[in-house]
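For reference, the structure is listed below as structure tokens.
Residue numbers (the working numbering), protein chains in the order written: chain V, 242 to 620; chain Y, 723 to 1047; chain B, 86 to 437.
See below:
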């Protein structure tokens, strides 16, 4: 009996202590904004980049005196990259922390799980990088500042068919990622319309490390290029293994490639490959250079596309709060919807009537371990 | 007659709570309450296999997924037709019919999946059975990833929101009553006899294979119902919600509550869900602390939080005695 | 034909990676009858330790060379063995034998977490850890003792808990974003009649085979091995026969964890990306491989690993690559239906 009493008591004390620690406090001179993303889990690296970008934007706005005379505070919740967690934390952010707007998520699946909650509560949500068209279709409070799948898939299909004059391309997609599957589907559709053929269509699962079986199968079909619309975490390894197997065809990809780590891991194997992106870190425009320099100074690494998109999502929101002159949700929503020609680091963003960002894409080539600008493709 | 009155009272209480709860505790707490209910159904149903029959399944998330997707697909693709059939009912009645149809389909398909997993369990024991159930769960997840019409990797979106506190807790009660009655009926004690001593049970004339498969089928049906309720509450489904970690979570619930007790499963599911929400304040250390707490509970209180405590003391004690005879 | 041979090579190299991890799984299971879910996280830990050693001053000075590779390998195996002993001592042993300071250990970790959360400095972490350890010690003194533990299921939950702990702790300590493992031995691709072989893959296969033989020797031809088999056969009888069972079990864990460390280094040589969750999927498949081969059987683990690796690669090469993650389990179900105790497993006698 004695044991039981003690163990009961100690667990109660412990749980209470854990729960009591670090409670949320709210003051009237702050604007609270909720951010949800994967800070842990298999997609954590994307969530962390986004968080860094949002953090930089917040510091910049607070240093400039904040918004409406108040300081901005971001409340970050980790959803571990799981849809059901995303939904719960968004409900918490809205109902318990009383945020005025939401930023997130990277993965469309998590945005899709959380967006209905934001819509039901009529709290505006801006996704930095969810590319599935269905996300903003959830309702009129849901926005995004990135490309949608149909556009990026179209960009690379057009580039492969028209600029590179390829007629035979293979696909290697990440079956676990909605982003990758979406881009691959749209690419196939556009590329075949433009007269090309798909040599073969293989897949892997995000987090895999061995791609030799798929690549060996691809190699047998002799493609002119391989479209790999995945994330840099896998693309570097894929490039290496492709070269080791003697595949000479260049790889093509989307903005998921954009990271300094890509070239670090892929190295020489990536030479001559192309991907579509929002901007190029070598772009001489002062806004981009300032962002890249500041980011390097703060986090010790070159920003990837997700950091840039996080920064822009936050900036679009801040700009809208300024224009609305209030954080009242309906007015804020209308102000976000009225965003036109907003100059961010990932290009000039205009939100269309479907609440999607309309902005041009650039195609970059990896040359001498650097990214070289090739061309701009407009919607 | 009396029983009907009792159920009617319960329904009225649930309906009253459904009408007032969201306003009383706020939408966030409401959502957590509903998820607690879904987890209770999962935990109580898994307890039939792991706690009462003494088999070892770590693939519950698979049946949960089958139910969730079946119900969502039926309502999405068959919804208009069903609504047309019952067009004479008011909207709330149509919703109820639609949800019940979805849940019935979920239970049937998940039950068939349970049968498919239960049959290999005839030849397998212990850890071998465990890994096969885990395997089935993963196979189901990979298959869902590959079916385009239910969204595949993009997830299944645009599911009608039909379930709520009322329906979830109604099925919590149904699950508890059904599993309780099964386990405590003379027929159902066969399950417990397999756990306590399979060979002796066989010698006493218990058809052990039949009861083992039956435990899988019944348990899977309820997991399927839990899935249907979950999908129609969250309005979005994605295979990432149904990995083997989700199966582990259900096992953790029944073990921290107290294995082989319905009250334990209820408490375990509640503590598990609520504790993880409370620990959110710890930010990055939330899951680390949770893992340490889990290890400590298992070391210092392996019988679970409830241990041998039970709501129905007299009846529960009678069961083991009867088995000895 | 060329393609087929290349796929064969791919399959064998993938399979030998699984086999390497499976060896450790099967070792621990063979002795303790415990599915040590934390094994795949020790594998992750090994890769990270290798990463830090290779990037340390000494590691960088040696560069990609044989002494450098040996330093990384041995260092990481030793650290993994220590981790294995810690896990055994503070997670699995309480409840089996008296284990003082268990509460101090875990509360110390929680305290360190609090210290980090509240202060964020090294001092606050140290103070938190100290406070936690003292609190744990006091609680233990006033009578909070582990409960005797016999149930497999509960040991399994502890294993899952330790695994969660290592995965989430790893994300806090190492960072959740992936890191890239340096080339510690030079790699060369050799082209044999259109089939590309590379030296790293050959090394992995060679080391896996070598370790399999070594382990068989240890288990079957040494005194410690005999004691391990005795513990495996019956823990209580072994104790009565004068075997220090705690020491044998600790040794088993150390050995199994060192194997995981070796696996972590060798596999990341082939696939040089590491992150705190990298162990989960390979670990699961390696476990399937161990069960397939007949869990507890060392040669079986090797065979199981190769079968899973080959099956996956062939399924991708000649079937649907989208079903890759399900292949291992489909094979598992099929083989266990034919032979319920795995390929090399012995049927256990049922005791009445």
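Quick reminder that beta carbons are idealized off the backbone N, C-alpha and C, glycines included. Bear in mind that the values here come from a model prediction, so they are computed numbers and not experimental data.
query = Straight-line CA distance for residue 1022(Y) to residue 229(B)?
reply = Roughly 8 Å between the two C-alpha positions.
ask   = Do we get a CB-CB distance below 8 Å when we pair residue 602(V) with the residues of chain Y?
value = Not an interface residue.
message = In the DSSP output, which residue or residues are listed as bridge partners for residue 614(V)?
response = According to DSSP, which records beta bridges pairwise, residue 614(V) is partnered with 605(V).
task = Could you spell out the range, first to last residue, of the beta strand (DSSP E) harbouring residue 385(V)?
result = Element bounds for residue 385(V): 383-385.
key: Selected residue, minimal CA-CA separation from residue 770(Y), among 788(Y), 792(Y), 916(Y) and 892(Y)   = Nearest C-alpha to residue 770(Y): 916(Y).
request  = Could you check if residue 603(V) is buried or exposed, using at least 16 other CB atoms within 10 Å of its CB as the buried criterion?
outcome  = Classification of residue 603(V): buried, given that the 10 Å Cβ count is 16 or more.
key: Contacting residues, own chain, Cβ-Cβ under 8 Å from residue 923(Y) (five flanking each side not counted)   = A distance below 8 Å between beta-carbons, with the five flanking residues on each side excluded, links residue 923(Y) to the following residues of its chain, in chain order: 912, 915, 916 and 930.
message = Going residue by residue through the segment 175-235 of chain B, where are the continuous beta strand (DSSP E) segments of at least 3 residues, counting only ones entirely within it?
response = If we require 3 residues or more, the segment 175-235 of chain B turns out to have no beta strand (DSSP E) run fully inside it.
ask   = Would you call the segment 277-292 of chain B and the segment 480-499 of chain V touching, i.e. three or more CB-CB distances under 8 Å?
value = Counting Cβ pairs under 8 Å, three or more are found: they touch.
ask   = With a Cβ-Cβ cutoff of 8 Å, do residue 265(B) and residue 506(V) count as a contact?
value = Contact check for residue 265(B) against residue 506(V) passes: the beta carbons are separated by less than 8 Å.
request  = Could you tell me the distance, in whole angstroms, from the CA atom of residue 335(B) to the CA atom of residue 342(B)?
outcome  = Cα-Cα distance, rounded: 10 Å.
message = What would DSSP say about residue 314(B), mapped onto helix, strand or coil?
response = Residue state, collapsed to three classes: helix.
key: Pick from 350(V), 381(V) and 373(V) that is closest to residue 362(V), judged by C-alpha positions   = It is 381(V).
request  = Flag residue 176(B) as yes if its beta-carbon sits less than 8 Å from any beta-carbon of chain Y, otherwise no.
outcome  = For residue 176(B), the nearest beta carbon of chain Y is closer than 8 Å to its own beta carbon.
inquiry  = Taking contact to mean 3 or more Cβ pairs, one atom from each stretch, closer than 8 Å, check whether the segment 153-165 of chain B and the segment 124-139 of chain B are in contact.
reply    = Under the 8 Å Cβ criterion, the segment 153-165 of chain B counts as touching the segment 124-139 of chain B, having at least three qualifying pairs.
message = According to DSSP, is residue 259(B) part of a helix, a strand, or is it coil?
response = Correct three-state label for residue 259(B): coil.
task = Write down every uninterrupted run of the alpha helix (DSSP H) in the segment 316-395 of chain V whose length is 4 residues or greater and which is fully enclosed by it, in chain order.
result = Complete alpha helix (DSSP H) runs here, min 4: 324-336, 349-362 and 375-378.
key: Below-8 Å beta-carbon distance, residue 217(V) vs any chain Y residue   = Because chain V in this structure spans residues 242 to 620, residue 217(V) falls outside the shown range and cannot be described.
query = Whose C-alpha, out of 1008(Y), 869(Y) and 952(Y), is nearest the C-alpha of residue 889(Y)?
reply = Closest in C-alpha terms to residue 889(Y), from the list 1008(Y), 869(Y) and 952(Y), comes 952(Y).
request  = Would you list, in sequence order, the uninterrupted beta strand (DSSP E) runs of no fewer than 3 residues that lie entirely inside the segment 557-600 of chain V?
outcome  = Whole beta strand (DSSP E) segments, 3+ residues: 583-585 and 588-592.
message = Which same chain residues end up closer than 8 Å to residue 271(V) when comparing Cβ atoms and leaving out the 5 residues on each side of it in sequence?
response = Within its own chain, the residues whose Cβ lies closer than 8 Å to the Cβ of residue 271(V), once the five positions on either side in sequence are excluded, are 311, 312, 313 and 314, listed in chain order.
Near-chain B residues of the segment 864-876 of chain Y (beta-carbon distance less than 8 Å), N- to C-terminal order = Flagged, chain order: 864, 865, 867 and 868.
task = Sort 575(V), 411(V) and 319(V) by Cα distance to residue 489(V) and report the nearest one.
result = The shortest CA-to-CA distance from residue 489(V) to any of 575(V), 411(V) and 319(V) is the one to 411(V).
request  = Would you identify the three-state DSSP class for residue 810(Y), choosing helix, strand or coil?
outcome  = The DSSP-derived three-state label of residue 810(Y) is coil.
key: Within chain V, partners of residue 95(B) - CB distance below 7 Å   = Result: 453, 454 and 457.
Proximity to residue 298(B) [Cα-Cα], best of 415(B), 382(B), 168(B) and 195(B) = Considering only alpha carbons, the answer is 382(B).
key: Per DSSP, the bridge partner or partners of residue 312(V)   = 271(V), per the DSSP bridge assignment.
inquiry  = Applying the 10 Å Cβ sphere with the 16-neighbour rule, what's the burial state of residue 91(B)?
reply    = Label assigned to residue 91(B): buried.
ask   = Under the three-state reduction of DSSP, which class applies to residue 266(V): helix, strand or coil?
value = In this predicted model, residue 266(V) has a pLDDT of only 46, less than 50, meaning its place in the structure is not dependable; the value taken from the coordinates is given anyway. Coil, per DSSP.
query = If you draw a straight line from the alpha carbon of residue 570(V) to that of residue 968(Y), how long is it in whole angstroms?
reply = Their backbone Cα atoms lie some 36 Å apart in a straight line.
query = For residue 276(V), which option in 327(V), 282(V), 300(V) and 305(V) has the closest C-alpha, if you only look at C-alpha atoms?
reply = If we check each option's Cα against that of residue 276(V), 327(V) comes out closest.
request  = Sort 874(Y), 934(Y) and 1003(Y) by Cα distance to residue 776(Y) and report the nearest one.
outcome  = Per the Cα distances, 934(Y).
Residue 326(B) burial status per 10 Å Cβ neighbour count (16 or more: buried) = Flag for residue 326(B) reads exposed.
message = Among 971(Y), 937(Y), 884(Y) and 893(Y), whose alpha-carbon lies nearest the alpha-carbon of residue 909(Y)?
response = Ranking 971(Y), 937(Y), 884(Y) and 893(Y) by Cα distance to residue 909(Y) puts 937(Y) first.
ask   = Residues in its own chain within less than 6 Å of residue 396(B) by CB, not counting five upstream and five downstream?
value = The beta carbon of residue 396(B) sits closer than 6 Å to those of 412 and 416, all from its chain and outside the five residues before and after it, given in chain order.
query = If you draw a straight line from the alpha carbon of residue 194(B) to that of residue 104(B), how long is it in whole angstroms?
reply = Spanning the two alpha carbons is a distance of roughly 33 Å.
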